[in-house]
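Written out below as structure tokens is the structure these notes cover.
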Amino acid sequence: MPRIYKPGKVAIVLQGRQAGKKVVIIKQLDEGTKERPYPHAIVAGIERYPLKVTKRMGSKKIAKRSKVKPFIKTVNYSHLFPTRYALELEGLKGVVGSETFKEVSQREDSKKQIKKLLEDRYTSGKNKWFFQPLRF
283 MPRIYKPGKV AIVLQGRQAG KKVVIIKQLD EGTKERPYPH AIVAGIERYP LKVTKRMGSK
343 KIAKRSKVKP FIKTVNYSHL FPTRYALELE GLKGVVGSET FKEVSQREDS KKQIKKLLED
403 RYTSGKNKWF FQPLRF
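Quick note on numbering: the working numbering labels position 133 of the sequence shown as 415, and the sequence is numbered without any gaps.
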């Protein structure tokens, strides 16, 4: 069976609190681990998408509306829906690992780094489709 979930691949979460949110696969674990004996992936996604910005808004308001709230999570493959899109974020690979979830401070640090990377990507205007919520 071919590998569908590769690092950088964009997927949609189907179940749980972040259902309907877009995520980027950071690390895939096809065989599972001792704690999680099922195939799963470590993902980073957007919990709160940036708001719409217009020309007449000031720079302070644009900065406030361009904020992104990220999340990191381990998700079972059966709760992910793969898309044909990929997001090349080189900085994400070393930020989150399986040991990140053991301590709260590590999780918060990695979320801050992901937030910075995603906001930089959003303000540069690349991958606009990733920063818009799904309409369904």
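Glycine included, C-beta positions come from ideal geometry on N, C-alpha and C. What you are looking at is a predicted structure, and each value in this text was computed from that prediction instead of being measured.
Sequence-distant partners of L362 (beyond 5 residues in either direction) whose C-beta falls short of 6 angstroms from its own C-beta, in its chain, are A293.
With a beta-carbon spacing of about 6 angstroms, I307 and P289 fall inside the 8 angstroms limit used to define contacts. Per DSSP, reduced to three states, the secondary structure at V386 is helical. The beta-bridge partner set that DSSP reports for F363 consists of I294. For V325, the closest C-alpha among the options P352, R417, S406, N409 is that of P352.
In this structure, the beta-carbon distance from I344 to V350 does not fall below 7 angstroms. For V378, same chain residues with a beta-carbon under 6 angstroms away, outside a window of 5 residues either side, are I308, I324, I354, S392 in chain order. In this structure, the alpha-carbon of A301 lies about 23 angstroms from that of E317. C-alpha of G314 to C-alpha of N358: approximately 10 angstroms in a straight line. A Cβ-Cβ separation of about 6 angstroms places L399 in contact with L371 under the 8 angstroms criterion. If you draw a 10 Å sphere on the C-beta of K304, you find 16 or more other C-beta atoms in it, and that means buried.
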